[in-house]
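First residue of the sequence shown: 10, per our numbering; consecutive thereafter.
Beta carbons are placed, not taken as given, at the ideal position from N, Cα and C, and that holds for glycine.
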Amino acid sequence: MKNSFSLFEIILTLIISSIVIIYSTIFTKEIILQNKQTQQIEIDKINFLATKIFFEKHKNELDKFSFENNNLYFENNLLLKDVKEFTLNKNLEKISIYINLKNNIIQKWEFSL
């Protein structure tokens, strides 16, 4: 009787520990995937802000910017990838830029001349 109870305890312990290991592995996998997605979003935000600063610095050279094949170029050098929409309007007083990056980050910038 005592041996059968010990065997039952071992089997129960194995089942519980297996369940804990399986669920902790699944949870770890989900955390890793979420971190990768968050990291990519933050990298996109940094690139987006760097592009904004670049536009501010080169606002007198707007004719050198081009938008082709969902990419934004400056003097035929890649500035920003995966741009879904881009419009640039220039008035006598200000420049307005509408930009949509990967349908995740959408902003309208305005710079004074």
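Residues sharing a beta bridge with residue i, DSSP
i, result
"I114", "L110"
"K103", "S121"
"E77", "N80"
N- and C-terminal bounds of the alpha helix (DSSP H) containing residue i
i, result
"L42", "K11 to K66"
Boundaries (first-last residue) of the beta strand (DSSP E) holding residue i
i, result
"K93", "V92 to K99"
"E84", "Note, E84: premise wrong, no beta strand (DSSP E); not H, not E."
Inter-stretch contact (C-beta, 8 angstroms, three-pair minimum) for the region 65-73 and the region 35-45: Touching, no.
The region 104-111 contacting the region 74-93, beta-carbon criterion three pairs below 8 angstroms: Because the criterion of three Cβ pairs below 8 angstroms is met, the region 104-111 and the region 74-93 touch.
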